[in-house]
Ligand SMILES: Nc1ncnc2c1ncn2[C@@H]1O[C@H](COP(=O)(O)OP(=O)(O)O)[C@@H](O)[C@H]1O
Ligand code: SF4
Ligand SMILES: [Mg+2]
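Chains as they are written, first to last, in this note's numbering: chain A, 1 to 344; chain B, 345 to 672.
What follows is the structure, encoded as structure tokens:
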């Protein structure tokens, strides 16, 4: 097994708000291996963004606070870097693609300037002409037509899809070892999502950067990811290879996510949102964070009192945080319908 | 929101190309700001920027246009006082106490020792414009630096800088100016401009701070951070250009304030040897019979201030149409 590129151990991040301490990330542990695509899925508010923003020191402090944990990247703990060292990592070894390309480009600076700056910050020795050539090559690589002319243009002259291409170009401009794409297609038109997905794939193939793909779209994960991490209420509740997760999910929340997907192969009636809503992250109750919404728990005492640890199941690379995961061994996606149907 | 009705039609100025061979297709749909809806599938998309709308709005603002034309005429006349003035402003002549006339080019008349007041006013404008532009520059520089640091860093830096700003706001500017001018000696436009600039940066600092407070939360700032840009670069390369509009408005209005203050100080005898304020003071000493000695430089000041304020108004309306007042 190769050495992980990034090892996050027991990461805890809190926010001080008026209502109390929000435990946005609560003991998250995972690895990212060189060249792989790790998908992180979970409902909105489950701590996906915070857990990755923390790696680059991008959560506002205060109100945010990294309470504990480490993030070993290439032999260094990212959480303990000096400001200067962190700036050197940002955009060069670890780069990000943000969710909304309409707001993540500066409206008063040209696309060329913004991409050029991302390069120059890390390569002060490059001449302006070289930087410009590199930017144009990058724009061409991500499929921006007419890059020489586009170089001079402002973001408002770009469409959403073109902007996201530019953002992707920016993120790979220094050949990062790790690329974090936080909901890179969520803000885009459905018809464009597929194109951007292709661009991301190409960018990933071109740089062979390990990629963390954050999304609440399981379809995206199925298409791109090698491994999947499922987050719920600031915790990792299941992780494993993408095939394992999709064919043999061992956490009721993962199953819930899958069953809430619209499916073309089954009747529309299968659409089944997970009942209830994510728990408050302030004053977490004891027990399993998923228990008020869980179909498997059936009111069992242990779910309300003991927090299930993330533990291996079936094979070493598949882990789940459910006391009764074994009961899901022969679970067939969608099969709960009959059960639920007869009980009501 | 009724004044929205008077907004230029943002939608529909573009046309979707249907003819074959049409290379560029303009698609625009402006909402409150510069957001645009666009179409993909190989279509080239272009839209007018917020700047071109602002420019259009400014050029439609009649008073601002009148103001800018007049002010340019006045300031150019002042700048070229040496070439334009028909007489030496300090030399007495035989034409004593001539009232305004075209004869002998004494457009603004002469005083008791025969100095030509048109020439003196031109030189007065020159001094006034030097001082006021310098003040606007100095105050903007200080205001931008302090406001930017305050808004961007927040925390104790913000507290410290804003308390300092409050302190400057409660200082009675005129008293300080008179005292300082008295001890620093008078007659130097640069020194006077420095003094005024040091007193009048507070408004710009507050405006810049406010803009930075909201702009630093923008996603593009986060994106710049994530690509490794340092604080200095983010503050002055990424955020500052987005605040230029309000700064320009404030600096324009400040120019007017600077002219008034310079004139007041000069009028009281602590300012420049020859400025519009000095001229009014001299004229007033000469008595009411020589009415033109007060009126001509006085009207010039009023005209300049009016122009500056019209321009400031026009700029504000052009750059921030959501806050415009309803105007017939
Ligand atoms: N700046 C902040 N201040 C307070 N709470 C925050 C802040 N940023 C994030 N949070 C909280 O952290 C939790 C996790 O957020 P996030 O990581 O953005 O979720 P996700 O990306 O999975 O949708 C949310 O409950 C959110 O309310
Ligand atoms: S531990 Fe209990 S509540 Fe939690 S997921 Fe498993 S069965 Fe459901
Ligand atoms: Mg998020």
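Don't be surprised by glycine CBs; every beta carbon is placed ideally from N, CA and C.
Bridge partners - residue 321 of chain A, DSSP secondary structure assignment: DSSP lists no partner for residue 321 of chain A.
Determine, using beta carbons only, whether residue 585 of chain B comes closer than 8 Å to chain A. It does: the Cβ of residue 585 of chain B has a partner Cβ on chain A nearer than 8 Å.
Sequence-distant residues of its chain with Cβ nearer than 8 Å to residue 88 of chain A (five each side left out): 122
Grouping DSSP H, G and I as helix and E and B as strand, with all else coil, what is residue 401 of chain B? helix
Measure the C-alpha to C-alpha separation of residue 5 of chain A and residue 74 of chain A and round it to an integer number of angstroms. The straight-line gap from Cα to Cα measures roughly 6 Å.
Against chain B, does residue 202 of chain A count as a neighbour if the rule is that its beta carbon must be under 8 Å from one of theirs? Closer than 8 Å to the CB of residue 202 of chain A there is not a single CB belonging to chain B.
Could you tell me which of A:191, A:232, A:222, A:180 sits nearest to residue 570 of chain B, measuring between CA atoms? A:180
In chain order, what residues place their C-beta within less than 5 Å of a heavy atom belonging to ligand 2? A:252, A:288, A:290, A:291, A:294, A:296, A:297, A:303, A:308, A:322, A:323, A:324
Considering only heavy atoms of ligand 1, does any lie closer than 7 Å to the CB of residue 44 of chain A? The beta carbon of residue 44 of chain A sits closer than 7 Å to at least one heavy atom of ligand 1.
Helix, strand or coil for residue 595 of chain B? Go by DSSP, reduced to three states. Residue 595 of chain B carries a helical assignment under DSSP once its states are collapsed to helix, strand and coil.
Neighbour-count burial assignment, residue 193 of chain A, 16 or more Cβ in a 10 Å radius: buried
CB of residue 172 of chain A within 8 Å of CB of residue 206 of chain A, strictly: Cβ atoms of residue 172 of chain A and residue 206 of chain A: closer than 8 Å.
Same chain only: Cβ atoms within 7 Å of residue 601 of chain B, ignoring 5 sequence neighbours per side: Closer than 7 Å at the Cβ level, and outside the excluded window around residue 601 of chain B, lie 544.
How about residue 184 of chain A: is its Cβ closer than 7 Å to a heavy atom in ligand 1? no
Please return the same chain residues whose Cβ sits closer than 7 Å to the Cβ of residue 10 of chain A, not counting the five positions on each side in sequence. 27, 29, 68, 69
List, in order along the chain, the chain A residues whose C-beta lies closer than 7 Å to that of residue 567 of chain B? 98, 104
Is the CB-CB distance between residue 479 of chain B and residue 598 of chain B below 8 Å? Contact flag set, yes.
So does the stretch 159-171 of chain A actually touch the stretch 104-115 of chain A, counting three or more Cβ pairs closer than 8 Å? At 8 Å Cβ cutoff, the stretches touch.
Under 8 Å from the C-beta of residue 397 of chain B: neighbouring residues of chain A: Close partners of residue 397 of chain B in chain A (Cβ separation under 8 Å) are lacking, with about 11 Å as the shortest Cβ gap.
Segments of 3+ residues assigned as beta strand (DSSP E) that fall wholly inside the stretch 395-458 of chain B: none
Hey, out of A:153, A:213, A:333, whose CA is closest to residue 253 of chain A's CA? A:333
Going by C-alpha distance, which of B:658, B:663, B:648 is nearest residue 414 of chain B? B:648
Mind checking whether the beta-carbon of residue 62 of chain A lies closer than 7 Å to any heavy atom of ligand 1? Proximity of the beta carbon of residue 62 of chain A to ligand 1 is not indicated: no heavy atom of the ligand is located closer than 7 Å.
Complete runs of the alpha helix (DSSP H) confined to the stretch 136-223 of chain A [at least 4 residues]: 147-150, 160-171, 190-207
Between which residues of its own chain and residue 232 of chain A is the CB-CB distance below 8 Å, once the five residues before and five after are set aside? 42, 43, 46, 253, 278, 289, 290
Note down the Cα distance separating residue 37 of chain A from residue 248 of chain A, rounded to an integer number of angstroms. 20 Å
Listed by chain order, chain D residues near residue 152 of chain A by CB distance under 9 Å: Here chain D cannot be found, since the structure's protein chains are A and B.
Examine chain A for any beta-carbon lying closer than 8 Å to the beta-carbon of residue 492 of chain B, and answer yes or no. no
Count the other CB atoms within 10 Å of the CB of residue 61 of chain A; is the residue buried (16 or more) or exposed (fewer)? Within 10 angstroms of the beta-carbon of residue 61 of chain A lie fewer than 16 other beta-carbons, which makes it exposed.
Just checking, does the stretch 454-466 of chain B make contact with the stretch 525-540 of chain B on the three C-beta pairs under 8 Å criterion? no
Which value, in whole angstroms, describes the spacing of the CA atoms of residue 461 of chain B and residue 660 of chain B? Between the C-alpha atoms of residue 461 of chain B and residue 660 of chain B there is a straight-line separation of about 36 Å.
Between which residues of its own chain and residue 492 of chain B is the CB-CB distance below 8 Å, once the five residues before and five after are set aside? Cβ within range, chain order: 552, 553, 556, 579, 580, 583, 584.
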